[in-house]
Amino acid sequence: MMRKWRAAGLAALAGLALLAPALAPLPAAAQGTFSPAIRIDNDVVTKYEINQRVAFLTALRAPGDVRALARDQLINETLQLRLADQAGVTVDEAALKAGMEEFAARGKLTAEQFIQLLGQAGIAAETFRDFVRAGIAWREYVRQELLPKVSLSDAEIDAAMAEATPTPGERVLLSEIVLPGADPASRKASLARAKRLAGLDEKGFAEAAMRFSTGPSRNKGGKLKWLDPATLPASAIGPVRRLRPGQMTGPIVDGDTVRLYFLHDREKIPSAKPRPMVDYAALLLPGGRSPANLAEA
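The numbering used here puts the first residue of the sequence shown at 1265, with every later residue one more than the last.
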């Protein structure tokens, strides 16, 4: 049952971007510490929330571009909470506290001890609470609204889980072509163009990227730096992992874009090991990081 719940959540997340309206960064003049940084219809994500999530993810040693991950998480959570609210899903205080305790227990801490450690890093308790609340609300939404409608074989569940699970110690060297898809007409045209570009070799892909791509990498022939495949858009992770060097993906719809990826190379990183979500021992001393406490520690 748990595996089907997780697979249903993955399926919902894969299509979530298609439900999202245009996400507009606000003018620089409006971006004070607590001012909106991203607008999602009538909802906003503030600069403060982004900075707090960056600090939170950094404390958890999240891999990759932490600021981009923070923005993506907050946008997704805004959309997920909207769906949960529309479905009448609520998270009561007891469920929230239980979720916080469960998360903190991964580091052999109580929720209160974990919050104290976050506070020493300048991370507000509400940042932790919001993170946990969003996760609980989304799980309940999936259980209530999506799971009864999903019928998956064990093979399909295993495939979905494999695609969504990061692979520690792997990195890939890719090129990309980003095509517009903000409206049905442009998406249809871009999908048709992407299909015509199928099967390109390395040189042909680079030429197509410089000619057609709207992404910032177009001037480099679509070439990207080495990256962890887990940092790619969710809909691209599985297709990229199935590539062999010299192959390209089919069209991948990601929000208001249609993407193609070409794999130049992939490699294992022998020294890389999966890191636990929280990997510290806690020594809580009254007075925080005072000179006396630092000397005692």
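C-beta atoms are modelled at their ideal positions from N, C-alpha and C, and glycine is treated no differently.
Assumed close pair residue i, residue j - CB separation to whole angstroms, cut-off 8 Å
i, j, result
"Thr1374", "Glu1365", "7 Å"
"Phe1320", "Phe1392", "7 Å"
"Ala1500", "Arg1523", "6 Å"
"Pro1503", "His1528", "Actually they do not touch by this definition, with Cβ atoms about 15 Å apart."
"Gly1386", "Ser1439", "In fact, because the Cβ distance is near 39 Å, the residues do not count as touching under 8 Å."
Backbone secondary structure at residue i - three-state DSSP
i, result
"Phe1526", "strand"
"Thr1478", "coil"
"Arg1303", "strand"
"Leu1410", "helix"
"Thr1521", "strand"
"Lys1489", "coil"
"Gln1309", "Looking at the sequence shown, residue 1309 is not Gln but Val. Val1309 falls in the strand class under three-state DSSP."
"Lys1372", "coil"
Start-to-end residues for the alpha helix (DSSP H) that takes in residue i
i, result
"Val1436", "Looking at the DSSP string, Val1436 is not in any alpha helix (DSSP H); the run it does join, the beta strand (DSSP E), is 1434-1444."
"Gly1502", "1498-1505"
"Met1364", "1357-1369"
"Arg1460", "1448-1460"
"Gly1383", "1375-1384"
"Gly1399", "1389-1405"
"Ala1326", "That residue, Ala1326, is in no alpha helix (DSSP H); it is neither H nor E in DSSP."
Straight-line Cα distance separating residue j from residue i
i, j, result
"Pro1444", "Asp1520", "7 Å"
"Ala1388", "Ile1314", "12 Å"
"Asp1336", "Leu1496", "11 Å"
"Lys1467", "Phe1526", "11 Å"
"Arg1407", "Ala1470", "44 Å"
"Ala1301", "Leu1338", "11 Å"
"Leu1382", "Ser1481", "37 Å"
"Thr1322", "Asp1307", "25 Å"
"Ala1359", "Glu1376", "16 Å"
"Thr1478", "Ile1441", "8 Å"
"Asp1305", "Leu1461", "34 Å"
Residue i at chain C interface by Cβ criterion, 9 Å
i, result
"Glu1376", "Protein chains in the displayed structure number just one, and chain C is not present."
Limits of the beta strand (DSSP E) - the one that residue i falls within
i, result
"Ile1516", "1516-1518"
- request: Would you be able to state if there are at least three C-beta pairs under 8 Å between the segment 1331-1347 and the segment 1393-1408?
  value: yes
query: Below 8 Å, can you find three or more Cβ-Cβ pairs linking the segment 1504-1517 to the segment 1444-1459?
result: yes
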